[in-house]
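Sequence lines, in order, name chains A and B. Numbering (this note's numbering) for the first sequence: 1 to 613. Numbering (this note's numbering) for the second sequence: 1001 to 1072. Yeah, the Cβ is synthetic: ideal placement off N, Cα and C, and Gly gets one too.
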Amino acid sequence: MTDSLVALVGNPNCGKTALFNTLTGLRNKVANYPGVTVEVVKSELSKSYGGNCVLIDLPGTYSLSPVSDDEAITSDFLSGAPGQLKPQLIINVLDATQLELGLGLTLDLLRLETPVLVALNMMDLAESSGAVINVDTLARELGVPVVPISATKKWGLNKLSNAIESCISTPQTSKVLDWNDLSSKGDLVHKIALSCTETKGRRSELTARVDKYVLHPVFGPLILLAALALIFQAVFAWAAFPMDLIESFIGKIAELLSTAMPQGLLRDLLVDGIIGGVGSVIVFLPQIVILFSFILFLEDFGYMARASYLMDRIMGTVGLSGKAVIPLVSGLACAVPSILATRSIPSKRDRLLTMMLAPLMTCSARLPVYALLIAAFIPANQFLGMNRQGVVMLLLYVGGVLAVLGVGFVLKATVLPGEAQPLLIELPRYKWPSLKLLGIAILDRARMFLKRAGTFILAVSIVMWAVTTFPRKPEDRAGTDIEYSIAGRLGTVIEPILKPVGFNYEISVALIPGFAAREVMVSALGTVYAIGGESEESKGANLTTFVQETWAPSTAYALLAWYIFSPQCLATFAVLGRESRSLRKTSGIFVFYLALAWLAAFAVFTISSWILS
Amino acid sequence: MLSHAKKGDRGQISKFQPKSPEEVRLVELGFKVGAHYEIVEQAPFSKDPLVIEINGVRIAVRRFLLNHIEVI
Ligand SMILES: Nc1nc2c(ncn2[C@@H]2O[C@H](COP(=O)(O)OP(=O)(O)OP(=O)(O)O)[C@@H](O)[C@H]2O)c(=O)[nH]1
Ligand SMILES: [Mg+2]
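1. Does any C-beta atom of chain A lie closer than 8 Å to the C-beta of Leu1002 of chain B?
2. With a threshold of 16 other CB atoms inside 10 Å of the CB of Val218 of chain A, please say whether the residue is buried or exposed.
3. Under the three-state reduction of DSSP, which class applies to Ile1069 of chain B: helix, strand or coil?
4. Would you call the stretch 1030–1040 of chain B and the stretch 1048–1064 of chain B in contact, with 3 or more CB pairs under 8 Å?
5. In chain order, which continuous runs of the beta strand (DSSP E) of length 3 or greater are located wholly inside the stretch 78–112 of chain A?
6. Among the candidates A:Met311, A:Leu26 and A:Pro379, whose CA atom is the shortest distance from the CA of Ile440 of chain A?
7. Please report the distance separating the alpha-carbon of Asp1009 of chain B from that of Asp1048 of chain B.
8. For Phe565 of chain A, which beta-bridge partners are listed by DSSP?
9. Output needed in chain order: residues of the stretch 1018–1036 of chain B with a Cβ under 8 Å from some Cβ in chain A.
10. Using a beta-carbon distance cut-off of less than 7 Å, what residues from the stretch 421–440 of chain A approach chain B?
11. Note down, in chain order, each residue of its chain lying with its Cβ closer than 8 Å to the Cβ of Ser609 of chain A, except the 5 sequence neighbours on either side.
12. If we define contact as Cβ-Cβ less than 8 Å, is Ser1046 of chain B a contact residue for chain A?
13. Entirely within the stretch 275–336 of chain A and at least 4 residues each: give me those alpha helix (DSSP H) ranges in chain order.
14. Along chain A, which residues have their Cβ under 9 Å away from the Cβ of Glu1041 of chain B?
15. Should Leu266 of chain A be labelled buried (16 or more other beta-carbon atoms within 10 Å of its own) or exposed?
16. Is there at least one Cβ from chain B nearer than 8 Å to Leu101 of chain A's Cβ?
17. Mind listing the chain B neighbours of Asp181 of chain A? Cutoff is C-beta to C-beta under 9 Å, in chain order.
18. Under 8 Å between beta-carbons, which chain A residues line up against Ile1059 of chain B? List them in chain order, please.
19. Using the Cβ count rule (16 or more neighbours within 10 Å means buried), how would you classify Ile589 of chain A?
20. Please look up how many angstroms separate the CB atoms of Thr354 of chain A and Thr342 of chain A, rounded, as I've assumed it's under 8 Å.
21. Does any heavy atom of ligand 2 sit closer than 7 Å to the C-beta of Val36 of chain A?
22. Residues in its own chain within less than 7 Å of Ile295 of chain A by CB, not counting five upstream and five downstream?
23. Got a sec? Which residues, its chain only, sit under 7 Å from Leu543 of chain A by beta carbon, not counting five neighbours each side?
24. Give me the subset of the stretch 51–64 of chain A whose CB atoms are less than 7 Å from a CB atom of chain B, sorted by chain position.
25. Consult DSSP for Glu579 of chain A and reduce its assignment to one of helix, strand or coil.
26. If you follow the alpha helix (DSSP H) that Asp187 of chain A is part of, which residue opens it and which one closes it?
27. Starting from Pro148 of chain A, trace the beta strand (DSSP E) in both directions and tell me its first and last residue.
28. Which of the three DSSP states is assigned to Asn504 of chain A in this structure?
29. Verify whether the separation of the beta carbon atoms of Leu270 of chain A and Leu257 of chain A is less than 8 Å.
30. Using 8 Å as the threshold, is the C-beta distance between Gly316 of chain A and Leu416 of chain A below it?
31. In this structure, does DSSP put Phe386 of chain A in helix, strand or coil?
32. Ordered along the chain, which non-local residues of its own chain (more than five positions away) have a Cβ less than 6 Å from that of Lys29 of chain A?
33. Residues of chain C with CB under 7 Å from Gly1011 of chain B, in chain order?
34. Within 10 angstroms of its Cβ, does Pro491 of chain A collect 16 or more other Cβ (buried), or is it exposed?
35. Based on the DSSP secondary-structure assignment, which residues constitute the bridge partners of Val54 of chain A?
36. Apart from the five residues on each side of it in sequence, which residues of its chain come closer than 6 Å, Cβ to Cβ, to Ala358 of chain A?
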């Protein structure tokens, strides 16, 4: 017998993915804002919960009449689009703290042919707010089994898995509920919610207390700014010490290998290629961890939807609504999930505009590049009571946001005219994130970063080493080894294009693999300098010192400006092409960003050279 | 009209016949006849968007969408 399909369906943010994760042992993204899951995800039910079926996590929706692409994914899936398997059972996840909101969808689901089982989630929150829900009444009113659970506290999950089993083995048809239009549906929902609520919970004190400040006309925007300032301050100040540790550790290994191994290609590959390349990226692990800790905390606490409210007006000036803020903020991690997250934006035009802007947000792969250049060229002294390096980092992030607004303005005036669809978004209750789950999510990010360094960046580093080493320069030729290599020759070809923006030959060489992934630029520079280093003792010295000693400051500033706009990272543009379904728009925006990057770098280089001379 | 409500206002929705898909979505979010609401906050200067609590759920919304909702 094939495994039965069981689909998790419910409102956005009711805890479907949290339940999915607990029941399957996966660790997919859970966060406290509507629209986290935007695709169909399948996995086996854990053996400890009985196994034998495949669970399906879906995007949340308020009804089966979709208004956005992510909701359409759910309703298409349930209506069994041709060629697609239909689930044998629907688990309707309801948020016990806002029962009435969820029941509208429940009525829709009961009209489908598929049997329904209700999982009444967030019972821990309902209980602590003093709400009492009569589960039996609810089951009787709906005519389907209801199991009270808490997905994160793991309450009631064995009961739930038993119920799943019996619903599959003996499917029951649900009773026919009496409603025919929106208004009679609303009345019925209200009646059911009323009949099974014995004691109403207090309104969420935490939410009212926090919102008083977070949504406040004056304090709200200030808190938003302060939070950002704190994050980038922390990324610099707190990460410095662990970064020094990692750096000196890697330096020790390089030194050890250099002295222990005989001179030759293998030693060069290990020391220059691998340690020089991968090592220079791994150093940034602490900064990545700190950045993600803040973002994950804010997402899980419930701040994101508030940020869309606070930013709605500003986004309006570029033809977007506050809804665009959530995908764009997730672009601080990476543009790829950010582009996917635009599926929760209802209007097609707004969605397209948002995804075209997503590559401009300062993604975490830019962090190593920024951090390297800042460490080399910006003094670490105090400035207005903040670490000056942190201030510059904050300015670069602000630069990314300004780039989003500026380009958004241009696109609205040209290719995507019109106004944004007016904002409409649920502000979820604040929830204290579970420290354990938060910790696991942060560790996952760290693991992903290291895994990337150990696989992808390692591979690129080896290739980089090879193309910067071969063909080897014959003894009797003039010039450096690297100039004679493949990469060196390529670098010579593109150098003239990049000379006006102040990029030297090494940058030109390192930019090419930087298109595979942004942070590879740093590892490539690491390799190029490790190989290009003239003297023996300069080998293995750290990249920051190298850059500091050999680059003009205006070159570094120009590279920073380049990185704000440059359409680097092929994965981003591949996803953009797929989600926008337009090759023309995707290639157009690619060329546009490339031109912007060049112009920005040119302007910064010219102006800063003039000022500094 | 709910679209003219000010911060701190409370009341009850008296009439609302949704026409557009967005208005249908409002009903699904709880903007039903008889529902009690409270304006929790409004944006500075333009006073738009605003945050409404309805049936214990907080929703941020532009006034434009509330044009056809009558309240008492
Ligand atoms: N206290 C408590 N919090 C929960 C419970 N289940 C989920 N949460 C929290 O509720 C929030 C939303 O959970 P998700 O699992 O992301 O919700 P979802 O239904 O998948 O949301 P979408 O993917 O946006 O549709 C997260 O902050 C979870 O940590 C629960 O049983 N108790
Ligand atoms: Mg989800």
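Put simply:
1. Not one chain A Cβ lies under 8 Å of Leu1002 of chain B.
2. Taking all protein chains shown into account, Val218 of chain A has fewer than 16 neighbouring C-beta atoms within 10 Å of its C-beta and is therefore exposed.
3. It is coil, neither helix nor strand.
4. A contact exists between the stretch 1030–1040 of chain B and the stretch 1048–1064 of chain B.
5. Here the runs fully enclosed are 89–95.
6. For the options A:Met311, A:Leu26 and A:Pro379, the alpha carbon positioned closest to that of Ile440 of chain A is the one of A:Leu26.
7. Put simply, the backbone Cα of Asp1009 of chain B is about 15 Å away from that of Asp1048 of chain B.
8. Phe565 of chain A pairs with nothing; no bridge assigned.
9. Hits within the stretch, in order: Pro1018, Pro1021, Glu1022, Val1024, Arg1025, Leu1026, Val1027, Glu1028, Leu1029, Gly1030, Lys1032, Val1033 and Gly1034.
10. Listed by position along the chain: Pro422, Leu423, Leu424, Ile425, Glu426 and Leu427.
11. Counting only Cβ-Cβ distances below 8 Å, and skipping sequence neighbours, we find Gly502, Ala552 and Ser554.
12. Answer yes: the Cβ-Cβ gap between Ser1046 of chain B and chain A drops below 8 Å somewhere.
13. Fully enclosed alpha helix (DSSP H) runs of 4 or longer: 276–282, 285–301, 304–316 and 325–330.
14. Those are Asp211, Lys212, Leu215, His216, Pro217, Gly220 and Tyr309, listed as they occur along chain A.
15. It is exposed - the Cβ of Leu266 of chain A has fewer than 16 other Cβ atoms within 10 Å.
16. Yes - at least one Cβ of chain B is within 8 Å of the one on Leu101 of chain A.
17. Neighbours of Asp181 of chain A on chain B: none; closest Cβ ~10 Å, over 9 Å.
18. The contact set of Ile1059 of chain B on chain A, defined by CB atoms closer than 8 Å, consists of Leu424, Ile425, Glu426 and Leu427 in chain order.
19. Counting Cβ neighbours within 10 Å, Ile589 of chain A comes out buried, since at least 16 surround it.
20. Confirmed, about 5 Å.
21. At least one heavy atom of ligand 2 is nearer than 7 Å to the Cβ of Val36 of chain A, so yes.
22. Taken in chain order, the residues that qualify are Leu332 and Ala333.
23. Within the same chain, Leu543 of chain A has close Cβ partners Ser280, Leu372, Leu525, Gly526 and Tyr529.
24. Under the 7 Å Cβ criterion, the stretch 51–64 of chain A contributes Tyr62 and Ser63.
25. Of the three classes helix, strand and coil, the one that applies to Glu579 of chain A here is helix, per DSSP.
26. Segment Leu182 to Cys196, the alpha helix (DSSP H) holding Asp187 of chain A.
27. Boundaries of the beta strand (DSSP E) harbouring Pro148 of chain A: Val146 to Pro148, taken from the DSSP string.
28. Three-state result, Asn504 of chain A: coil.
29. Leu257 of chain A is positioned such that its CB atom lies closer than 8 Å to that of Leu270 of chain A.
30. For Gly316 of chain A and Leu416 of chain A, no; Cβs fall outside 8 Å.
31. Reading the sequence as shown, one finds Met at residue 386 of chain A and not Phe. Strand, per DSSP.
32. Correct list, in chain order: Val36.
33. Checking the listed chains, one finds no chain C in this structure; the protein chains it contains are A and B.
34. Looking at the sequence itself, residue 491 of chain A is Gly, so the reference to Pro does not match. Result: buried.
35. Answer is A:Leu5 and A:Glu44, bridged to Val54 of chain A.
36. Closer than 6 Å at Cβ, skipping near neighbours: Gly331, Ala335, Ser338 and Ile339.
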